[in-house]
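This report concerns only the one structure given below.
2 protein chains.
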Amino acid sequence: MKTPVDLLIINAGQVATCASQDGPKRGPALRDPGLIDHGAVACKDGLIVDVGPTDALAARYQADETVDANGRAVIPGLVDPHTHVVYAGDRVGEFELRIQGASYMEIMAAGGGIVSTMKATRAASVEELVASALPRLDAMLALGTTTAEIKSGYGLETGAELRMLQAAAELDARHPMDIVPTFLGAHAVPPEYAGRTDDYANLVVEEMIPAAAAWYEGSDFAARGVPLFNDVFCEQNAFDVAQSRRVLEAGLARGLPVKAHVDEFTPLGGLSLAVELGAVSADHLDATTPEEGARLAASGTVGVVLPAVNFNLGSAHFADARSLIDAGAALALATDINPGSAPCPSMPLVMAMACRYQKLLPAEALNAATINAAHALALGDRIGSIEAGKQADLLILDAADYRHLAYEFGGNLVRTVIKRGRIVRRNGKI
Amino acid sequence: MKTPVDLLIINAGQVATCASQDGPKRGPALRDPGLIDHGAVACKDGLIVDVGPTDALAARYQADETVDANGRAVIPGLVDPHTHVVYAGDRVGEFELRIQGASYMEIMAAGGGIVSTMKATRAASVEELVASALPRLDAMLALGTTTAEIKSGYGLETGAELRMLQAAAELDARHPMDIVPTFLGAHAVPPEYAGRTDDYANLVVEEMIPAAAAWYEGSDFAARGVPLFNDVFCEQNAFDVAQSRRVLEAGLARGLPVKAHVDEFTPLGGLSLAVELGAVSADHLDATTPEEGARLAASGTVGVVLPAVNFNLGSAHFADARSLIDAGAALALATDINPGSAPCPSMPLVMAMACRYQKLLPAEALNAATINAAHALALGDRIGSIEAGKQADLLILDAADYRHLAYEFGGNLVRTVIKRGRIVRRNGKI
Numbered sequence: 000m001k002t003p004v005d006l007l008i009i010n011a012g013q014v015a016t017c018a019s020q021d022g023p024k025r026g027p028a029l030r031d032p033g034l035i036d037h038g039a040v041a042c043k044d045g046l047i048v049d050v051g052p053t054d055a056l057a058a059r060y061q062a063d064e065t066v067d068a069n070g071r072a073v074i075p076g077l078v079d080p081h082t083h084v085v086y087a088g089d090r091v092g093e094f095e096l097r098i099q100g101a102s103y104m105e106i107m108a109a110g111g112g113i114v115s116t117m118k119a120t121r122a123a124s125v126e127e128l129v130a131s132a133l134p135r136l137d138a139m140l141a142l143g144t145t146t147a148e149i150k151s152g153y154g155l156e157t158g159a160e161l162r163m164l165q166a167a168a169e170l171d172a173r174h175p176m177d178i179v180p181t182f183l184g185a186h187a188v189p190p191e192y193a194g195r196t197d198d199y200a201n202l203v204v205e206e207m208i209p210a211a212a213a214w215y216e217g218s219d220f221a222a223r224g225v226p227l228f229n230d231v232f233c234e235q236n237a238f239d240v241a242q243s244r245r246v247l248e249a250g251l252a253r254g255l256p257v258k259a260h261v262d263e264f265t266p267l268g269g270l271s272l273a274v275e276l277g278a279v280s281a282d283h284l285d286a287t288t289p290e291e292g293a294r295l296a297a298s299g300t301v302g303v304v305l306p307a308v309n310f311n312l313g314s315a316h317f318a319d320a321r322s323l324i325d326a327g328a329a330l331a332l333a334t335d336i337n338p339g340s341a342p343c344p345s346m347p348l349v350m351a352m353a354c355r356y357q358k359l360l361p362a363e364a365l366n367a368a369t370i371n372a373a374h375a376l377a378l379g380d381r382i383g384s385i386e387a388g389k390q391a392d393l394l395i396l397d398a399a400d401y402r403h404l405a406y407e408f409g410g411n412l413v414r415t416v417i418k419r420g421r422i423v424r425r426n427g428k429i
Numbered sequence: 000m001k002t003p004v005d006l007l008i009i010n011a012g013q014v015a016t017c018a019s020q021d022g023p024k025r026g027p028a029l030r031d032p033g034l035i036d037h038g039a040v041a042c043k044d045g046l047i048v049d050v051g052p053t054d055a056l057a058a059r060y061q062a063d064e065t066v067d068a069n070g071r072a073v074i075p076g077l078v079d080p081h082t083h084v085v086y087a088g089d090r091v092g093e094f095e096l097r098i099q100g101a102s103y104m105e106i107m108a109a110g111g112g113i114v115s116t117m118k119a120t121r122a123a124s125v126e127e128l129v130a131s132a133l134p135r136l137d138a139m140l141a142l143g144t145t146t147a148e149i150k151s152g153y154g155l156e157t158g159a160e161l162r163m164l165q166a167a168a169e170l171d172a173r174h175p176m177d178i179v180p181t182f183l184g185a186h187a188v189p190p191e192y193a194g195r196t197d198d199y200a201n202l203v204v205e206e207m208i209p210a211a212a213a214w215y216e217g218s219d220f221a222a223r224g225v226p227l228f229n230d231v232f233c234e235q236n237a238f239d240v241a242q243s244r245r246v247l248e249a250g251l252a253r254g255l256p257v258k259a260h261v262d263e264f265t266p267l268g269g270l271s272l273a274v275e276l277g278a279v280s281a282d283h284l285d286a287t288t289p290e291e292g293a294r295l296a297a298s299g300t301v302g303v304v305l306p307a308v309n310f311n312l313g314s315a316h317f318a319d320a321r322s323l324i325d326a327g328a329a330l331a332l333a334t335d336i337n338p339g340s341a342p343c344p345s346m347p348l349v350m351a352m353a354c355r356y357q358k359l360l361p362a363e364a365l366n367a368a369t370i371n372a373a374h375a376l377a378l379g380d381r382i383g384s385i386e387a388g389k390q391a392d393l394l395i396l397d398a399a400d401y402r403h404l405a406y407e408f409g410g411n412l413v414r415t416v417i418k419r420g421r422i423v424r425r426n427g428k429i
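The listed protein sequences correspond, in order, to chains A and B.
So for the first sequence, numbering that gives the first Met the number 0 puts the first residue at 0; every next one is plus one.
So for the second sequence, numbering that gives the first Met the number 0 puts the first residue at 0; every next one is plus one.
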């Protein structure tokens, strides 16, 4: 007597499970994709109920729908744990300026950069923010991302910041992708607070964070146990370590777990602060010192590197992810998709960059884009690997070997996207 | 009384014509995308018959099919003038080796690299070569490439080289994309000639080139005036300048115009040789000296740079395309798609790389990927721009401004691909 399931995927050339029993993967575990040859995955009620050899699962389960993977590889849905995908306007003009030599910090100091996005975002309604973000989420989903974090941080005033969070909630409701929200009121100092960073930090601490926490309590995110993170951009010309500490501690006092942008340009000590505060993730790490890297490695904080940003700057310098991994850090990858420093929806391209410029092996890049990225969102118990009990977020690749996802670049090897046990995207040929 | 046409594209937010009256674009002309705001394009019998403002063309033409671009940008179909897209096998294992430190030349010296592709290709039938290349061409077409060059060079023996050319002809017949063939018997020295490069060059000169030229004479390519190029890899551990000259002159004697791989790793003088022989293009140029760059700039030869190769190596070094353009060279971009050094089907990603790492402006990248790439195939009179009389190879982008094609990266902004006046691909959302 076979057990009934909703969906059975059979004849995968390989299932790369990325399974992990003990939190995010580190060290040698990061090199293990958890391969099952000639594999199968059984799903019911949106969850994975079994994974194993095709012969065994075909004998065990009776499925409403059977998908023959025909020798193709099956991997977990990709998780993008750092995005700014909600915004208004674009920055294509600034892109031309940067080609001609202007730096990110110069453009920001000149009132361009994030301020132009802030102005457009402040002027946008929730519905306009949602409408402009939906096609970007479509692009991300088509490229295999089944869960994405979305940060606020282009409002930089209480009302606009809340509208960004509301847009994230609306996108979560309307799009197949799962969304995880992050409050980032301390993304930059808005022009009206120029030279008064402490005053703006006070506004974030005293008004914005309480408002964001109150909004979250009434949201579907809270109802489903999806966290609202509190984040800060700890950097020269943004928030120093003392200001960052105040912002992050104010969030912790309201129950908002910590994320932090640290060491993108300048090693201010933000990584040590993040580790001290038990941050779920510390992101960027381009300028991290070996001493602070060792602290990250000894901590429970996941390091998130964002090579599309370095690429976008035409930089030869990338975060030293190889050394961080070798030191024992739990490392994840993200796109950082945003209109200024990373107009990039593609986790597979980020994996390809990480393999080439940060010397991750394909298995390390895959684990960094799945199970470790899930842990960077404190959702490692729900998503990020193909294990019984986890959400049935799965990709079928147009390749027999998962390594092709990082080996090839520029196209789209994601053939089929399955979200909560349901096929939500068939790319066919591209 | 309106003139009947087959296809009329209206309401383009802009038509970037890339029009050029005088051969490939150089200097300031390379910065001119030839924009027509609120534009339209009329096509008949596979050719463009008119391009101009929507109001004017809508008044002038009656079309069997009208496509409303709804404010989106229309650009010429992209031309990929340097590919090795016909091959058997893959090199994903070698990719992992390279991440761990082995260089291209080390892998080649160790008998890996191109030799592994050669063995697989020699063992493949024409039909097998065609079948494995077709999905790659599909991926390229979906990303906007409407004409691609295809090189032989993985056979390295007369029979297998001819099978590769036959596969290129078969792909041209079976796929919507136009193919331009290149004979590259002198791609590497096969193992059976190890240490006897002159003997292998003799084989190329005395047996292969005559055989390739004879095959070409009876091919559809010759019937349609599409050239067969003769190419050589002028590099240490491949062919020196004297050997390259013999190979290229043997082709010229049979009517085969010159292409050459030069200065990829070592400036041997191959670029001066290519210019002296009136090469249609000289490709790679990573190690080109300013002196030889000046010779290129003063010549009719188009320089083709291949940044996906540098990216694939995780290199911080890219061909100095900026200086070559500033010196007055006619520059084109290509993917170099191949299983070893560039598993990349995407001209838009190559444009994005060129803007970031080679400091091309978006307009320069667009012209380099269209009109100049067409001239790098000696087809600048037929394709590469939106001008009356040219082939109706057109793209409609998912953006109002052509610059987005280089500004964003990793997704696919090509919405609709029109080949010879016919819609051959609708990507819709990705």
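Glycine residues also receive a C-beta, built at the ideal position from the N, C-alpha and C atoms.
Small disclaimer: the values here were computed from a predicted structure and weren't measured.
Collapsed DSSP secondary structure at A/K428 in the structure displayed
Bear in mind that a pLDDT of 47 at A/K428, under 50, signals an unreliable position, so the model cannot answer this.
Would you say the segment 55 to 66 of chain A touches the segment 79 to 86 of chain A, given that touching needs at least three Cβ pairs under 8 angstroms?
Too few Cβ pairs lie closer than 8 angstroms, so no.
Short-range partners of chain A found in the segment 366 to 388 of chain B, where Cβ spacing is below 9 angstroms:
none
Any idea which residues DSSP pairs B/P75 with across the strands?
B/L393
Contact between the segment 377 to 388 of chain A and the segment 10 to 21 of chain A (3+ Cβ pairs under 8 angstroms)
yes
With a CB to CB cut of under 6 angstroms and the five nearest residues on each side skipped, what residues in its chain are close to A/N366?
C17, K24, L29
Less than 8 angstroms between the beta carbons of B/A132 and B/M139, yes or no?
No. Outside cutoff.
For A/K258, count the other beta carbons within 10 Å of its own beta carbon; 16 or more makes it buried, fewer makes it exposed. Which is it?
buried
In this structure, does DSSP put B/S115 in helix, strand or coil?
Correct three-state label for B/S115: helix.
Over what stretch of residues does the beta strand (DSSP E) that includes B/I417 continue unbroken?
413 to 418
Which residues DSSP lists as bridging A/P52, in chain order:
The partner list for A/P52 (beta bridge, DSSP) reads A/G38.
Range covered by the alpha helix (DSSP H) that runs through A/Q235:
According to the DSSP assignment, A/Q235 belongs to no alpha helix (DSSP H), since it is labelled neither H nor E.
Taking only the alpha-carbon atoms, compute the straight-line gap between B/A72 and B/L330 and give it to the nearest angstrom.
23 angstroms
Tell whether a beta-carbon distance below 8 angstroms holds between B/I35 and B/G51.
Yes; because the gap between Cβ atoms is below 8 angstroms, this pair is in contact.
Distance cutoff 8 angstroms, beta carbons only. Does A/P23 sit that close to anything in chain B?
no
So with CB distances below 7 angstroms, who are the chain A contacts of B/S345?
G409, G410
Name the DSSP bridge partner or partners of B/A43?
What sits at residue 43 of chain B in the sequence shown is Lys, not Ala. Beta-bridge pairing links B/K43 to B/L46.
B/R402 touches chain A at which residues, Cβ-Cβ below 9 angstroms?
Those are V91, G92, F94, E95, listed as they occur along chain A.
Closest by C-alpha distance to A/D44, when choosing among A/E291, A/L6, A/A58
A/L6
Assign B/D63 to one of three DSSP states: helix, strand, or coil.
strand
What's the gap between the Cα of A/A391 and the Cα of B/E234?
About 51 angstroms.
Quick one: give me the first and last residue of the beta strand (DSSP E) that A/F182 is part of.
177 to 185
Mind checking if A/G313 is an interface residue toward chain B, Cβ cutoff 8 angstroms exclusive?
yes
How many angstroms separate the CA atom of A/H316 from the CA atom of A/D282?
Cα to Cα, the separation comes out at about 16 angstroms.
Proximity below 8 angstroms, CB of B/V449 to CB of A/D400
With chain B covering only 0 through 429, there is no way to say anything about residue 449 of chain B.
CA nearest to the CA of A/R59, picked from A/R402, A/V4, A/A166, A/A373
Nearest of A/R402, A/V4, A/A166, A/A373 to A/R59, Cα basis: A/V4.
Nearest neighbour of A/N236, chosen from A/R223, A/V279, A/P190, A/V203 [CA to CA]
A/P190
Cβ of A/I142 less than 8 angstroms from any chain B Cβ?
Just to set this straight, residue 142 of chain A is Leu in the shown sequence, not Ile. The beta-carbon of A/L142 is placed less than 8 angstroms from the nearest beta-carbon of chain B.
Please confirm if B/A293 has its CB atom under 8 angstroms from at least one CB of chain A.
no
So is B/I429 buried or exposed if we call it buried at 16+ other beta carbons inside 10 Å?
Low per-residue confidence applies at B/I429: pLDDT is 37, beneath 50, and the placement is therefore not dependable, though the value from the model is reported in the following sentence. By the neighbour-count criterion, in which 16 or more other beta carbons inside 10 Å mark a residue as buried, B/I429 falls on the buried side.
Going by C-alpha distance, which of B/E169, B/A364, B/L360, B/P175 is nearest B/D137?
B/P175
How is the alpha helix (DSSP H) around A/L434 delimited, first residue to last?
Any question about residue 434 of chain A goes unanswered here, given that chain A covers just 0 to 429.
Beta-carbon proximity check, B/F408 vs A/C343, cutoff 8 angstroms
B/F408 is a Cβ neighbour of A/C343, given a cutoff of 8 angstroms.
Examine chain B for any beta-carbon lying closer than 8 angstroms to the beta-carbon of A/R421, and answer yes or no.
No, because no Cβ of chain B sits closer than 8 angstroms to the Cβ of A/R421.
Is there contact here, the segment 180 to 187 of chain A with the segment 148 to 164 of chain A, by at least three beta-carbon pairs under 8 angstroms?
yes
Quick one: is A/Q99 buried, meaning 16 or more other Cβ sit within 10 Å of its Cβ, or exposed?
exposed
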